[in-house]
Amino acid sequence: MKLLDIWRSRDAWLALRKLQKDVKLAYTLAKYQRKVDKELTVLQEQFNQVITEISGKDAAKEPVTIEAGTPEMEQFNKRFGEYLEQEAKLQPLEITMDEFVERLAKGQQNTMAEADLMALECFFKSTGETS
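Using the numbering used here, read the sequence shown as starting at -2 and increasing by one per residue.
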């Protein structure tokens, strides 16, 4: 799993938090989400640092924008993109995505967008299947 996978999964974790889960799954996910949240905090800090270095404004203290199509945006995309391509230290959960979906489906009102499910897939133990 790359840092990019964690960065892209932010909305999916928020969606997942709203769903009803059995107690064991909820607790397992809550413990794991703490780890994900720590990684996201570090990623946000890195994002702010790169923005601050390029813009000269403190992104942690004020909203900073970089115009699309500018050399600054190209520089930001290159630097932050290189950072996101690093392997994450976070290890996948010890359940497979299929097990997760099966347990989550037991909540009658639970629905998730396909994009959210795909964003979460790398956080689960691989079944060895490719599809």
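C-beta: ideal position from N, C-alpha, C; glycine also.
- Burial is judged here by how many other beta carbons sit within 10 angstroms of a residue's own beta carbon; Tyr29 has at least 16 and is buried.
- In terms of CA proximity to Ala12, Asn107 leads the group Asn107, Gly78, Lys58 and Pro60.
- Here the segment 106 to 121 lies against the segment 4 to 19, with 3 or more beta-carbon pairs under 8 Å apart.
- In this structure Ala56 is buried. Its beta-carbon is surrounded by 16 or more other beta-carbon atoms within 10 angstroms.
- Glu82 and Asp2 have their alpha carbons spaced roughly 9 Å apart.
- Within a 10 Å sphere around the beta-carbon of Ala27 sit fewer than 16 other beta-carbons, which makes this residue exposed.
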